[in-house]
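> Take 5 as the starting number for the sequence shown in our numbering and just add one per residue. Cβ atoms here follow ideal geometry from the backbone N, Cα and C, with glycine treated the same way.
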Amino acid sequence: MNTKFLSDKSLKEIIRNFTPNWFTLNMGTGIAFLTLHNINANIFDTQLLLGKSLWLIDIFFFVLFFTLLLARMFLYPETIMLMFKHPVQSMFLGAVPMALVPILEGFAIFGPSLFGNNSLNIALYLWWIDAFLAVCVGWLLPYLMFSVQKNHKLENMSAVWLLPIVASEVTASAGGMLAPYFANPIAEAILMVSYILWAFSVPLAFSVLVILFLRLVAHKLPDKAMAVTSWLTLGPLGTGALGLLLLGHAAEKVLIGTNLENIATFLSNFGLIAGLLLWGYGLWWYVMAWIITLKFFKDGLPFNMGWWGFTFPVGVFTAATLQLWQATGYDIFKYFSIVLSIQLAIFWILVFTKTLKGMWSGYLFHAPCLSPETGLPKPEEECKKFSKK
Numbered sequence: 005m006n007t008k009f010l011s012d013k014s015l016k017e018i019i020r021n022f023t024p025n026w027f028t029l030n031m032g033t034g035i036a037f038l039t040l041h042n043i044n045a046n047i048f049d050t051q052l053l054l055g056k057s058l059w060l061i062d063i064f065f066f067v068l069f070f071t072l073l074l075a076r077m078f079l080y081p082e083t084i085m086l087m088f089k090h091p092v093q094s095m096f097l098g099a100v101p102m103a104l105v106p107i108l109e110g111f112a113i114f115g116p117s118l119f120g121n122n123s124l125n126i127a128l129y130l131w132w133i134d135a136f137l138a139v140c141v142g143w144l145l146p147y148l149m150f151s152v153q154k155n156h157k158l159e160n161m162s163a164v165w166l167l168p169i170v171a172s173e174v175t176a177s178a179g180g181m182l183a184p185y186f187a188n189p190i191a192e193a194i195l196m197v198s199y200i201l202w203a204f205s206v207p208l209a210f211s212v213l214v215i216l217f218l219r220l221v222a223h224k225l226p227d228k229a230m231a232v233t234s235w236l237t238l239g240p241l242g243t244g245a246l247g248l249l250l251l252g253h254a255a256e257k258v259l260i261g262t263n264l265e266n267i268a269t270f271l272s273n274f275g276l277i278a279g280l281l282l283w284g285y286g287l288w289w290y291v292m293a294w295i296i297t298l299k300f301f302k303d304g305l306p307f308n309m310g311w312w313g314f315t316f317p318v319g320v321f322t323a324a325t326l327q328l329w330q331a332t333g334y335d336i337f338k339y340f341s342i343v344l345s346i347q348l349a350i351f352w353i354l355v356f357t358k359t360l361k362g363m364w365s366g367y368l369f370h371a372p373c374l375s376p377e378t379g380l381p382k383p384e385e386e387c388k389k390f391s392k393k
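1) From Ala268 to Phe64, what distance separates their C-alpha atoms?
2) Are there 16 or more other CB atoms within 10 angstroms of the CB of Leu208, so buried, or fewer, so exposed?
3) Considering Asn125, what are the terminal residues of the alpha helix (DSSP H) in which it resides?
4) Which of helix, strand or coil does DSSP assign to Asp12?
5) Mind reading off the beta-carbon distance from Ser177 to Ser205? Whole number of angstroms is fine, and I expect it under 8 Å.
6) On the three-pair Cβ rule with 8 Å, is the stretch 266–283 touching the stretch 291–300?
7) Could you check whether Leu246 and Ala191 sit closer than 8 Å to each other, using their CB atoms as the reference points?
8) Cutting at 8 Å between CB atoms, please list the residues of its own chain near Gly304, excluding the five before and the five after it.
9) Nearest to Leu166 by alpha carbon, out of Phe186, Phe114, Met95?
10) Have a look at Thr28 and Val141 and give me their C-alpha separation to the nearest angstrom.
11) Specify whether the stretch 250–257 and the stretch 179–190 touch according to this definition: at least 3 beta carbon pairs, one from each stretch, less than 8 Å apart.
12) Assuming contact is defined by CB atoms lying nearer than 8 Å, are Gly55 and Val105 in contact in what I supplied?
13) Apply the 10 Å Cβ neighbour rule to Met5 and answer buried if 16 or more other Cβ atoms are within range, or exposed otherwise.
14) Give the straight-line distance between the Cα atoms of Phe114 and Ser151, rounded to the nearest whole angstrom.
15) Would you call Lys89 buried or exposed, if buried means 16 or more other Cβ atoms sit within 10 Å of its Cβ?
16) Looking only at its own chain, which residues have a Cβ that is under 8 Å from the Cβ of Leu72, when we skip the five neighbours before and after it?
17) Rounded to the nearest angstrom, how far is the Cβ of Phe316 from that of Leu328, given a contact under 8 Å?
18) Assuming Phe64 is part of the alpha helix (DSSP H), what are its boundary residues?
19) Reducing DSSP to helix, strand and coil, say where Gly261 ends up.
20) Quick check: what's the CA-CA separation for Ser365 versus Gly333?
21) Helix or strand or just coil, what does DSSP make of Phe186?
22) Report, in whole angstroms, the separation of the C-beta atoms of Ser162 and Pro226, which I expect to be a contact under 8 Å.
23) Which residue from Ser57, Gly310, Leu374 puts its Cα closest to that of Leu354?
24) Between the alpha carbons of Ser391 and Ile194, how many angstroms are there, rounded?
25) Taking the straight line between their C-alpha atoms, what separation do you get for Thr83 and Leu97?
26) Just to confirm before moving on: does the CB-CB distance between Thr175 and Ala112 stay below 8 Å?
27) Under a three-way DSSP split, which group does Tyr285 fall into?
28) Between which residues of its own chain and Phe210 is the CB-CB distance below 8 Å, once the five residues before and five after are set aside?
29) Please state whether DSSP places Asn308 in a helix, a strand or coil.
30) I'd like to check one pair, Leu248 with Gly284: are the Cβ atoms closer than 8 Å?
31) Shorter than 8 Å from the beta carbon of Gln327 to some beta carbon of chain C?
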């Protein structure tokens with residue numbers, strides 16, 4: 005481990021080695037403050053300053069990370085091609101639009117009390133930008149997997165394949181939350197686009213989960229450095245359930261007085277039953293993720309930025325559980341959502357603390373695509389090829 009302090013590390017070196025997996029910090033922190041808000045508003049009926057504070061902190065880190073990513077693109081454009089070709093690091097580009105979702109939701113939830121009603125318009129603009137980014141990574145990354153990326157074998161496959169795919173359904177769930185804040189035709193447009201984004205993502209994510217199950221059966225558990233990826237399976241299932249529940253709830257409000265008014269009740273009922281089915285599927289992976297994690301903890305689990313996988317998937321599964329309690333009134337969902345919230349809080353504190361320590365020491369600023377041991381062309385060779393083009 006490099007014990008050199010960040011203050012001794014060159015800024016150019018940090019920029020050159022900045023990777024998109026840093027945006028998973030935003031995903032984890034974002035779902036943490038959203039969970040705080042949801043639990044307080046729906047169960048304890050209190051307002052916490054901590055939620056707003058975490059939202060502002062999340063905005064700071066997102067701006068910082070986005071600036072570093074842009075700086076890498078402009079200062080070291082030859083390394084971007086290496087990142088695109090890397091079979092694991094490139095998948096984390098899907099974290100960029102997912103990191104933006106909690107921030108834009110925060111503008112709708114916390115923004116009006118801090119910045120006035122214009123914060124809702126900011127949330128809307130950011131949502132459209134996020135939808136565009138999610139669709140782009142949802143097409144671009146699979147195409148790169150099909151065409152230029154190497155080392156994609158069944159035994160090397162992990163749940164990180166889900167990251168660029170799941171981005172669209174995360175945006176869809178945000179659309180279900182945002183739509184009731186606006187009047188038609190804007191609200192109806194958000195609702196329709198959100199359903200398309202949900203379909204753009206969830207069926208494909210299901211196919212990846214099937215392949216992942218086959219990979220685990222055929223090639224057993226992955227290396228301990230990738231153990232945390234077992235939690236990523238909760239992402240598409242928790243978000244898929246949450247999206248249908250929120251969109252169904254929004255449809256009952258948004259579609260009243262429109263040509264689609266007659267299907268509003270159907271969409272609400274469909275959201276409940278389909279959301280419940282997806283939640284049940286997610287429960288299987290939740291228990292399995294615990295079993296796999298406990299097995300690896302005995303062998304020692306090295307810290308890396310992948311540990312943020314302990315947070316966002318659990319957070320969206322928590323949100324879906326809370327929505328099911330609101331929809332059904334069954335207290336089992338209420339109590340389970342509290343348990344999940346406590347788990348999320350513990351994981352977030354642990355991972356955030358370790359991340360700050362790794363950020364300060366500088367050892368977390370490391371781009372795998374720039375390392376010769378990745379099996380990809382050496383950086384200097386690839387840079388020459390890039391410059392010739």
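Working from what's here:
1) 39 Å
2) buried
3) 122–151
4) Residue confidence is low: Asp12 scores 48 on pLDDT, short of 50, so the model does not pin down where it sits. Its coordinate-derived value is still stated next. Looking at Asp12 - three-state DSSP - the assignment turns out to be helix.
5) Going by Cβ atoms, the distance from Ser177 to Ser205 rounds to 10 Å, so no, they are not a contact pair.
6) no
7) no
8) Lys228
9) Met95
10) 15 Å
11) yes
12) no
13) Here the model assigns Met5 a pLDDT of 37, short of 50, so the residue's position is not dependable, and the following value carries that caveat. The residue in question, Met5, is exposed, as its Cβ has fewer than 16 Cβ neighbours within 10 Å.
14) 43 Å
15) buried
16) Ile18, Ile19, Phe22, Trp26
17) About 19 Å separates the two Cβ atoms, so there is no contact after all.
18) 53–79
19) coil
20) 48 Å
21) coil
22) 6 Å
23) Gly310
24) Because the pLDDT at Ser391 is just 35, under 50, the model does not fix this residue reliably, and the point stays unresolved.
25) 14 Å
26) no
27) helix
28) Pro240
29) coil
30) no
31) Reference to chain C is not applicable here, since this structure consists of a single protein chain.
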